[in-house]
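**Student:** Take a look at this one; I'll ask things after.
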Amino acid sequence: MPLILQYEYMQRALFVGLLLSVIVACLGTVMVHKRLSLIGDALSHSSLAGVALGLLLGFNPVLGAMGICIVSALSIEAIRKKLGNHSELAVAIVMSTGIGLAGVLSGFVRSSADFNSFLFGSIVAISGFEARLVMILSVVVLLLFILLYKELFYISFDEQAAAISGVPVGFVNTVFTILTAVTVSIAARTVGALIISSLLVVPVAAAMGIAKSYKTTVLWAIFVSAVSTIGGLVLSFYFGLKPGGTIVLLSVVFFLLFRVIGYLREKHSVKKGA
Amino acid sequence: MLFQILSFILSFAIANHSQLEEVRKEFICSMKFGLKRFFSGILAVSFIAGTAGVLCSCRRGFGKDAEGKVKIVATIFPMYDFAKRIGGDKVAVKMMIPAGTEPHEWEPSTQDMLMLEEADLFVYNGAGMEPWAEDILGSVQNKDLVALEASKDIALLKTAEVHDMEDHDHEEDHDEDEHEHHHHGEYDPHVWLSPKNAEEEMTAIAEALISIDEENADTYRKNLEEAKKQCEELDGAFAEALKPYEGGYIVVAHEAYGYLCRDYGIKQIGIEGVSADQEPDAARMREIIDKVDEYGIKCIFFEELVDPKVAQTIADEAGCGTMALSPLDGLSKEDIDSGRDYFSVMQDNLKALVSAFE
Amino acid sequence: MTKVIEVENMSFGYTRDMILENVDFAVEEGDFAVVIGDNGVGKSTMVKLLLGAIHPTKGRISIGGKTVTSLSGSGIGYLPQNGGNRAASFPATCEEIVMSGLYKKIGFMRFPGKAHKEKADAALKSVGMLDKKKELIGNLSGGQQQRIMLARVLAGDPKILILDEPTVGVDAESVDRLLHILHHLNIEKKVTILMVTHDVEKVGPYANRVLCLSEGACREELLPDAQIVHAHSHSHPHGVEHIHCANCEHGGAHGHDAEHCAECGHCDEQCGHDHEHSHEHGHEHDHDHGKEEK
């Protein structure tokens with residue numbers, strides 16, 4: 001057995017990382033095309049307010065974070081609808097509100113806590129409970145993503161037309177918004193906010209550089225996300241690099257690589273055509 | 275607290291009723307088809323936030339009780355505790371960094387500055403613990419304020435030396451360990467974790483107090499003597515209890531125990547950064563786990579202010595336990611209110627250390 | 633004839649100023665209706681109202697006898713205005729996009745089968761884009777993208793088709809092609825068509841009904857009304873030869889000569905193979921009009 005698999009924390013990191021990278025890539029494909037790329041950032045920052053609220057009112061801060069995450073995500077969805085062309089503003093507005101609220105509420109928290117440490121985990125320190133939670137979450141997200149693939153595609157491409165065709169747009173959007181919120185809050189706590197907010201976007205952006213259809217976009221995004229996660233963990237294990245940063249940078253390398261490949265291919269085909 | 279907020283909002287609402295009504299009308303007119311609900315939501319939130327902010331800042335500052343006493347602003351808990359110990363009932367001490375806050379991340383607010391304008395003595399640890407101290411001292415207008423860097427007479431350990439106390443074998447892939455020490459600067463600031471240093475710091479505080487308040491010099495001297503005695507006792511207890519374990523290793527969340535380790539001949543292995551922006555890397559985790567196995571370490575120490583997840587993971591992997599070990603830089607409000615002080619926390623630390631070695 | 637789209641005394645405004653006031657018209661089954669009007673008279677607003685994206689301030693809109701309350705379920709096919717940069721950046725193949733038009737047929741949370749794929753192919757073929765099936769939509773020209781969108785709508789076999797300014801941002805050839813396809817649908821499949829356009833010259837000849845949304849004399853008051861102009865294509869001022877030419881796919885046998893056909897240039901080559909069926913359709917067409925005139 002290779003050294004990396006001899007440690008339980010690495011097995012867990014690889015396993016949970018793989019699961020999360022797959023579902024986050026799926027969610028990311030939906031979010032990017034709904035112009036909500038930064039939703040991961042917004043949600044993970046807003047959930048700080050939930051932690052503060054939890055500590056203040058005496059309930060589990062992680063549950064508080066999840067609650068605020070869901071509320072924030074639904075607000076983003078609601079505001080997005082109102083703003084039309086400027087839907088990306090919804091993310092900024094909710095993020096600002098969340099950070100502001102967290103800042104103010106944290107002033108009242110008297111108990112001992114380093115906020116961030118309760119909110120943001122590290123991929124190399126995952127508890128057994130969290131691993132099980134991620135497993136359940138992954139099954140739910142994957143199942144719904146596959147079942148709602150067609151609906152999500154239609155909504156991403158043209159929400160209005162989808163509604164006219166009878167797609168229950170509101171329902172599908174709500175389900176996916178909640179799923180994203182739950183995923184972000186669990187994943188931020190499990191593997192850290194950096195990994196989650198980046199893997200929502202970068203693999204999809206990379207995939208769009210070379211994919212020749214929506215389906216392959218999803219598949220490439222999953223591929224980039226998974227390979228970056230595993231690769232980042234391996235590099236971190238053997239070279240002592242920070243895992244979060246390494247994973248994210250690897251996905252950016254894929255992005256650049258795929259863009260160059262896409263560019264070269266285009267150039268080639270133009271030449272051939274001419 | 276919630277009740278306060280509500281009543282505040284209510285009183286505000288009554289006082290400005292007519293204005294509010296106008297604003298509301300305007301809103302309803304202009305937002306008829308649009309974002310009415312959303313904006314009023316935001317408005318309500320920012321309103322609460324604003325009032326909360328006002329309330330929040332009211333609690334700072336010296337009260338009437340402080341009249342006739344030497345007003346001291348201390349940065350972190352050990353400074354606060356030492357100042358109170360030396361000053362006794364002749365001084366009023368305020369802790370600048372609120373209880374339960376990680377001091378490394380903290381920065382002073384305008385309210386804190388106002389507090390300094392009122393104060394007679396500002397006690398800070400120095401050695402890089404409060405990198406913002408120089409800045410605020412430069413901008414304070416209070417000419418009578420005496421600023422004391424409590425660690426000024428202490429031989430500081432360089433962070434590199436702290437590192438030397440640990441094993442060297444991973445040094446090459448970890449060259450500078452920038453990440454861990456960047457906000458500490460060149461020296462390890464956690465001087466108070468050695469009872470001998472605590473004594474030095476208290477002496478410095480006593481000297482400063484005597485220079486400010488000659489009248490009560492005797493009280494301060496007496497208090498200092500008492501504290502010195504306690505420090506010596508504590509030092510003796512540490513030396514005795516840890517003697518059998520000389521050369522032993524402890525695994526700690528944060529490499530804060532350099533002075534303590536130096537004094538009692540033990541070695542610390544620090545898990546790198548434990549808060550969100552300081553995650554440990556996978557290789558470091560492996561090293562620690564391997565060392566825990568190698569040295570037969572039975573316990574991983576975590577800090578009370580940080581989520582013990584990383585410590586727990588290592589403990590699970592290596593099959594050992596976890597325990598809290600306080601670096602004392604941030605003590606929770608509950609702990610302070612329940613009367614815990616430097617000596618009691620250090621005694622707890624000693625117990626924890628001993629039980630980790632047993 | 634049954635009225636499939638009814639707008640009754642409908643007014644709408646985003647603010648207190650009404651964009652549309654007391655609009656009143658109806659479109660009957662099998663109509664090819666054109667809504668014309670200058671820029672800013674509320675044509676696009678009209679489309680949104682018909683789709684149910686926004687709701688009338690006053691009055692009623694019903695489609696197929698049911699009052700329109702929301703976007704969903706009206707069963708209409710909608711071809712949005714072309715040139716949105718949406719399509720250009722969306723990584724989907726033409727086939728995938730056309731497949732999405734089959735949503736109603738496939739059903740919620742179900743997967744497409746072979747029959748659906750064939751249906752999508754047929755829709756792509758009907759707009760002459762079958763060879764671009766695997767192409768990314770972003771790599772196509774504006775006109776081609778529009779045809780893909782049309783194929784998507786057609787795949788769902790709509791009984792009513794609403795088009796918003798389909799001649800904007802599309803090359804002339806594509807416009808002609810589009811109009812051919814629409815005409816074909818209208819005649820052969822009895823699809824009711826309502827098209828909003830400012831390009832009455834091009835579209836007018838195909839329509840049997842022109843609804844003019846204009847400010848008329850009341851220009852300054854910003855109170856447009858809808859004037860309903862019943863106009864059969866044959867009596868339309870824009871000339872008979874246009875219509876015949878456009879109809880050449882089924883009307884070629886009615887003694888129309890090459891000169892007329894030259895108007896649209898490509899129609900001989902493009903529609904040539906349809907000529908066999910054309911007689912029947914032609915008759916049907918005439919028959920239809922006959923009925924209507926009665």
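Residue numbers (my numbering), protein chains in the order written: chain A, 1 to 274; chain B, 275 to 632; chain C, 633 to 926. Glycine is no exception: its CB is placed at the ideal position from the N, C-alpha and C atoms.
Chain A partners of T384/B, CB-CB under 7 Å?
**Tutor:** Those within 7 Å of T384/B in chain A number zero; the least Cβ separation is about 14 Å.
**Student:** Mind pulling the chain A residues with CB within less than 8 Å of E391/B?
**Tutor:** By Cβ distance, chain A contributes nothing, its closest Cβ being about 21 Å from E391/B, past 8 Å.
**Student:** Are at least three pairs of beta-carbons, each pair with one atom in the segment 255-270 of chain A and one in the segment 581-589 of chain B, less than 8 Å apart?
**Tutor:** no
**Student:** Interface residues of chain A around E591/B at Cβ under 7 Å?
**Tutor:** Y7, E8, Y9
**Student:** Using only CA atoms, which one of I261/A, E8/A, I70/A, R35/A lies nearest to T183/A?
**Tutor:** I70/A
**Student:** In chain A, which residues lie less than 7 Å from A685/C when you measure between Cβ atoms?
**Tutor:** Q160
**Student:** Output the distance between the C-alpha atoms of S331/B and L249/A, rounded to the nearest integer angstrom.
**Tutor:** Since pLDDT at S331/B reaches only 44, below the 50 mark, its modelled position is unreliable, and the value read off the structure follows with that caveat. If you take the alpha carbons of S331/B and L249/A, they lie about 42 Å apart.
**Student:** Does the Cβ of S44/A have 16 or more other Cβ atoms within 10 Å, making it buried, or fewer, making it exposed?
**Tutor:** buried
**Student:** Using 8 Å as the Cβ pair cut-off and three pairs as the minimum, do the segment 784-803 of chain C and the segment 707-714 of chain C touch?
**Tutor:** yes
**Student:** Suppose the cutoff is 7 Å on Cβ atoms and the five residues either side in sequence are ignored; what does the same chain contact list for A163/A look like?
**Tutor:** V169
**Student:** Just how far apart, CA to CA, sit N173/A and I146/A?
**Tutor:** 15 Å
**Student:** Unbroken alpha helix (DSSP H) runs of length 4 or more, entirely within the segment 486-536 of chain B: which are they?
**Tutor:** Counting only runs that start and end inside the segment 486-536 of chain B, the alpha helix (DSSP H) elements of at least 4 residues fall at 491-516.
**Student:** Would you grab the beta carbon distance between I695/C and T829/C for me? Rounded to a whole angstrom, and I think it's under 8 Å.
**Tutor:** I695/C to T829/C, Cβ: 20 Å. No contact.
**Student:** Tell me where the alpha helix (DSSP H) around E653/C begins and ends.
**Tutor:** Run containing E653/C: none in the alpha helix (DSSP H); it sits in the beta strand (DSSP E), 652-660.
**Student:** If you drop the 5 nearest sequence neighbours on each side, which residues of the same chain put their C-beta closer than 8 Å to that of K765/C?
**Tutor:** These residues qualify, in order along the chain: T725, C726, E727, D753, L756.
**Student:** Would you report the Cα separation of N410/B and N497/B, rounded to the nearest angstrom?
**Tutor:** Here residue 410/B turns out to be Ile, not Asn, going by the sequence shown. Cα to Cα, I410/B sits roughly 30 Å from N497/B.
**Student:** Run the CB neighbour count on Y263/A, radius 10 Å, all protein chains shown included, and call it buried at 16 or more, exposed below.
**Tutor:** With a threshold of 16 other beta carbon atoms within 10 Å, Y263/A falls short and is exposed.
**Student:** For the putative contact between E8/A and E591/B, defined by C-beta atoms under 8 Å, what is the C-beta separation to the nearest angstrom?
**Tutor:** 5 Å
**Student:** Would you call the CB atoms of M597/B and F575/B closer than 7 Å?
**Tutor:** yes
**Student:** Could you list which residues in chain B have their beta carbon closer than 7 Å to that of F237/A, in chain order?
**Tutor:** A556, A557, R560
**Student:** Pairing CB atoms from the segment 638-658 of chain C with CB atoms from the segment 617-631 of chain B, are three or more of them under 8 Å?
**Tutor:** no
**Student:** Under the three-state reduction of DSSP, which class applies to M678/C: helix, strand or coil?
**Tutor:** helix
**Student:** Would you kindly check if the distance between the Cβ of A65/A and the Cβ of S197/A is under 7 Å?
**Tutor:** no
**Student:** Apart from the five residues on each side of it in sequence, which residues of its chain come closer than 7 Å, Cβ to Cβ, to N214/A?
**Tutor:** Note that residue 214/A is Tyr in the sequence shown here, rather than Asn. Around Y214/A: F153.
**Student:** Nearest to A205/A by CA position, among R35/A, V16/A, I4/A, is which residue?
**Tutor:** R35/A
**Student:** Tell me the DSSP secondary structure of F258/A in three-state form.
**Tutor:** If DSSP states are grouped into helix, strand and coil, F258/A belongs with the helices.
**Student:** Does DSSP put S606/B in a helix, a strand or coil?
**Tutor:** In the structure shown, S606/B falls within a coil segment according to DSSP collapsed to helix, strand and coil.
**Student:** Listed in chain order, which residues of the segment 738-766 of chain C have Cβ atoms closer than 9 Å to some Cβ of chain A?
**Tutor:** Only those residues of the segment 738-766 of chain C whose C-beta falls short of 9 Å from the nearest C-beta of chain A are listed: I738, F740, M741, R742, F743, P744, K766.
**Student:** If we ignore side chains and look at the alpha-carbon of each, how far apart do K426/B and L390/B end up?
**Tutor:** Looking at the two C-alpha atoms, the distance is approximately 21 Å.
**Student:** DSSP three-state call for S612/B: helix, strand or coil?
**Tutor:** coil
**Student:** Look at the Cβ atom of Y569/B, then the Cβ atom of Y519/B, and state whether they are nearer than 7 Å.
**Tutor:** Their beta carbons are not under 7 Å apart, which means Y569/B does not touch Y519/B by this criterion.
**Student:** Quick one: any contact between the segment 665-684 of chain C and the segment 634-648 of chain C, if contact means 3 or more CB pairs under 8 Å?
**Tutor:** yes
**Student:** Under 8 Å: do the segment 728-740 of chain C and the segment 806-815 of chain C share three or more Cβ pairs, one atom per stretch?
**Tutor:** no
**Student:** To which residues does DSSP link M369/B through a beta bridge?
**Tutor:** A348/B
**Student:** Got a sec: is the Cβ-Cβ distance from T37/A to anything in chain C below 7 Å?
**Tutor:** It should be pointed out that residue 37/A corresponds to Ser in this sequence rather than to Thr. Output row for S37/A: interface = no.
**Student:** Exposed or buried, which one is F120/A when buried takes at least 16 other CB atoms within 10 Å?
**Tutor:** buried
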